[in-house]
Amino acid sequence: MGRRGSQAALTIIFILFGFMLATQFRARPPISGNVPYQRAEELSVLLKATEEERDRLREEVKVLRDRVAEMMAGENQVKVLRDELLKARILGGLVDVKGPGVTVEMNDSQVKSSGVQDPNVFLIHDDDVLRVVNELFAGGAEAVAVNGQRLVATSEIRCAGPVFIINGVRVAPPLKIQAIGDPVMLQNALKMRGGVVDNLALFGIEVKIKTEQEIVVPAYSGSLNFRYAKPVKDEGSK
Amino acid sequence: MWYLVAGLLFGVLLGLNVPWKIPSILARYLAVSLLAGIDTSLGGLRASLEGEFDTVIFVSGFIGNTVLAAAFVYLGDVLGIELYLAAVVALGVRIFNNLGVIRRHYIRSQTDKKTALRKVSSGES
Chain A
1 MGRRGSQAAL TIIFILFGFM LATQFRARPP ISGNVPYQRA EELSVLLKAT
51 EEERDRLREE VKVLRDRVAE MMAGENQVKV LRDELLKARI LGGLVDVKGP
101 GVTVEMNDSQ VKSSGVQDPN VFLIHDDDVL RVVNELFAGG AEAVAVNGQR
151 LVATSEIRCA GPVFIINGVR VAPPLKIQAI GDPVMLQNAL KMRGGVVDNL
201 ALFGIEVKIK TEQEIVVPAY SGSLNFRYAK PVKDEGSK
Chain B
1001 MWYLVAGLLF GVLLGLNVPW KIPSILARYL AVSLLAGIDT SLGGLRASLE
1051 GEFDTVIFVS GFIGNTVLAA AFVYLGDVLG IELYLAAVVA LGVRIFNNLG
1101 VIRRHYIRSQ TDKKTALRKV SSGES
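Chains A and B are the protein sequences, given in the same order. Under my numbering, the letters of the first sequence match residues 1 to 238, in that order. Under my numbering, the letters of the second sequence match residues 1001 to 1125, in that order.
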């Protein structure tokens, strides 16, 4: 092999070498730590203790409910009823509520599609929003609204082409989800390792979580028309 | 030497700019191949310092080693053994050996120019 040939061969080999280096650099999987075994064990002990406490508290709830029922029968009936009504209205999303919580902003991925991947994975989908909302409720959120649409028992979060339908109203990204609850708890619920935000971040979907001292979650503005559901008369309850 | 550096830079730029990515299943094979490539390149540098460099041996060694390393990992996957680790350890040891020889060579050539061309058996492969 002549000198020129040898040079050409070596150059080609080094181009190949550099190409491999760069390709591997781009392909390396993101480093993610595992939960150490000991930590997992610690957490499971903690979980067990918390579960025991929960069971105890459930008993307490039952006792207190009985007492409430007694009081309702007594002279405080009106006041108790009013309190119950207010609670039911908060639960039903019929009043504006305020309190500490988190604001979650979600937006479509700004990552440029490489052309090979399905561009759909870079957009927010209804199930992404559902998962975030679900995680918020799981984290103890007491009132949640998406772009001003309060989520109530009959709320839907549904894909409708480029937008979502929530409470029958069209809502488009960027989404602003407000949730009232323990801010730290809600934030941690979302940011759990391997959790919702981690998964969304894989596709570059932007999720910004901000804890707030006081946010206002608006009331449900839709109609309250029950055409089919009728209450069942329960003899046991008051 | 300049054309080697230019080739390497060109390859890196090419690799950074191609629009597609290697599928993650193949990334492990490429990683071990890359390690074999690094080993062979260092082996080539070592051989040239020792004055035993041969282009044919180097080129065949580079291609052969990278392909063999990937094949080795594939064999491990088929058999369900972590041969991947064996390849990484073996190549790692060789890389350190080569680096050691190169380092010693440079130190010696600094301190005593006359004994710079110490002939050691064992080639680049």
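Think of the CB as a built atom: it goes at the ideal place given N, C-alpha and C, for glycine as much as any other residue.
C-alpha gap between residue i and residue j, whole angstroms
| i | j | result |
| --- | --- | --- |
| Gly204/A | Val80/A | 50 angstroms |
| Leu123/A | Leu200/A | 10 angstroms |
| Val97/A | Asp108/A | 29 angstroms |
| Gly1044/B | Gly1092/B | 16 angstroms |
| Cys159/A | Asp126/A | 5 angstroms |
| Lys238/A | Gln77/A | At Lys238/A, the pLDDT of 48 sits below 50, so the modelled position is not reliable and the matter cannot be decided from this model. |
| Arg65/A | Pro162/A | 46 angstroms |
| Ile166/A | Ile157/A | 5 angstroms |
| Asn188/A | Val132/A | 12 angstroms |
| Val111/A | Pro173/A | 16 angstroms |
| Gly139/A | Val1101/B | 59 angstroms |
| Leu1075/B | Gly168/A | 56 angstroms |
| Arg1046/B | Asn1098/B | 7 angstroms |
| Ile1025/B | Thr1066/B | 17 angstroms |
| Thr1055/B | Trp1020/B | 32 angstroms |
| Lys230/A | Arg39/A | 50 angstroms |
| Leu86/A | Val68/A | 15 angstroms |
| Val1089/B | Leu1083/B | 10 angstroms |
| Phe164/A | Glu53/A | 40 angstroms |
| Lys62/A | Ile90/A | 21 angstroms |
| Ser221/A | Leu47/A | 39 angstroms |
| Glu51/A | Gly195/A | 22 angstroms |
| Gly92/A | Met20/A | 59 angstroms |
| Ala9/A | Val1059/B | 7 angstroms |
| Gly1007/B | Tyr37/A | 47 angstroms |
| Arg1103/B | Gly1011/B | 26 angstroms |
| Arg4/A | Ile12/A | 12 angstroms |
| Asp198/A | Met192/A | 8 angstroms |
| Glu60/A | Glu84/A | 18 angstroms |
Cutoff 8 angstroms; reference residue i; Cβ partners in own chain excluding five residues on either side
| i | result |
| --- | --- |
| Ala1116/B | Here the model assigns Ala1116/B a pLDDT of 45, short of 50, so the residue's position is not dependable and the matter cannot be decided. |
| Ile180/A | Val97, Lys98, Gly99, Pro100, Gly101, Ala141, Glu142, Ala143, Val144, Ile215, Val217 |
| Ala1027/B | none |
| Gly18/A | none |
Close Cβ partners of residue i (< 6 angstroms) along its chain, the five nearest in sequence each way excluded
| i | result |
| --- | --- |
| Tyr1029/B | Ala1070, Val1073 |
| Ile215/A | Gly101, Gln178 |
| Thr211/A | Val102, Pro183, Gln187 |
| Trp1002/B | none |
| Leu1126/B | Residue 1126/B lies beyond the range of chain B shown here (1001 to 1125); nothing can be said about it. |
N-terminal and C-terminal residue of the beta strand (DSSP E) that residue i is part of
| i | result |
| --- | --- |
| Asn107/A | 97–107 |
| Phe164/A | 163–166 |
| Arg170/A | 169–171 |
| Leu175/A | 175–180 |
| Arg158/A | 157–160 |
Partners in chain B for residue i, counting only beta-carbon separations shorter than 8 angstroms
| i | result |
| --- | --- |
| Ser6/A | Thr1055 |
| Val201/A | The sequence shown places Ala at residue 201/A, rather than the Val named in the question. Neighbours of Ala201/A on chain B: none; closest Cβ ~17 angstroms, over 8 angstroms. |
| Ala179/A | Those within 8 angstroms of Ala179/A in chain B number zero; the least Cβ separation is about 34 angstroms. |
Beta-carbon proximity list for residue i, same chain, < 7 angstroms, skipping 5 on both sides
| i | result |
| --- | --- |
| Ala1087/B | Val1032, Ala1069, Phe1072, Val1073 |
| Ser1122/B | Residue placement at Ser1122/B cannot be trusted, given a pLDDT of 46 that sits under 50; the coordinates are not used to answer. |
| Leu1079/B | none |
| Ser1125/B | Confidence at Ser1125/B is low in this model, with a pLDDT of 44, below 50, so the placement of that residue is unreliable and no value is reported for it. |
| Pro218/A | Asp96, Ala145, Gly148, Arg150 |
| Gln213/A | Pro100 |
Under 9 angstroms by beta carbon: chain B residues contacting residue i
| i | result |
| --- | --- |
| Gly18/A | Gly1007, Leu1008, Leu1009, Phe1010, Gly1011, Val1012, Leu1013, Leu1014, Gly1015 |
| Gln24/A | Gly1015, Ile1022, Ala1027, Leu1030, Ala1031, Ser1033, Leu1034 |
| Leu123/A | Chain B residues near Leu123/A: none, gap ~20 angstroms exceeds 9 angstroms. |
| Ala27/A | Lys1021, Ile1022, Pro1023, Ser1024, Leu1026, Ala1027, Leu1030, Ala1031 |
Extent of the continuous alpha helix (DSSP H) run through residue i
| i | result |
| --- | --- |
| Leu129/A | The sequence given here places Val at residue 129/A; Leu does not occur at that position. Looking at the DSSP string, the run of the alpha helix (DSSP H) that includes Val129/A is 126–138. |
| Arg1103/B | 1083–1111 |
| Val1059/B | 1055–1079 |
| Ile205/A | Ile205/A -> no alpha helix (DSSP H), and no H or E assigned at all. |
| Arg1046/B | 1024–1049 |
| Ala88/A | 77–92 |
| Val1005/B | 1002–1017 |
| Val144/A | Segment 143–146 is the beta strand (DSSP E) holding Val144/A; no alpha helix (DSSP H) there. |
| Leu21/A | 3–27 |
| Pro183/A | 183–191 |
Listed by chain order, chain B residues near residue i by CB distance under 7 angstroms
| i | result |
| --- | --- |
| Phe14/A | Leu1004, Gly1007, Leu1008, Gly1011 |
| Ala9/A | Thr1055, Val1059 |
7 angstroms Cβ cut-off: residues of chain A touching residue i
| i | result |
| --- | --- |
| Ser1041/B | Phe17 |
| Gly1037/B | Phe17, Met20 |
Proximal chain A residues relative to residue i, where beta-carbon distance stays under 9 angstroms
| i | result |
| --- | --- |
| Phe1062/B | Ile13, Leu16, Phe17 |
Open item on the list: Count Cβ pairs between the stretch 1009–1016 of chain B and the stretch 14–30 of chain A that sit closer than 8 angstroms; are there 3 or more?
Closed with: yes
TODO: Count the CB pairs spanning the stretch 144–152 of chain A and the stretch 87–97 of chain A that are closer than 8 angstroms, and state whether there are at least three.
DONE: yes
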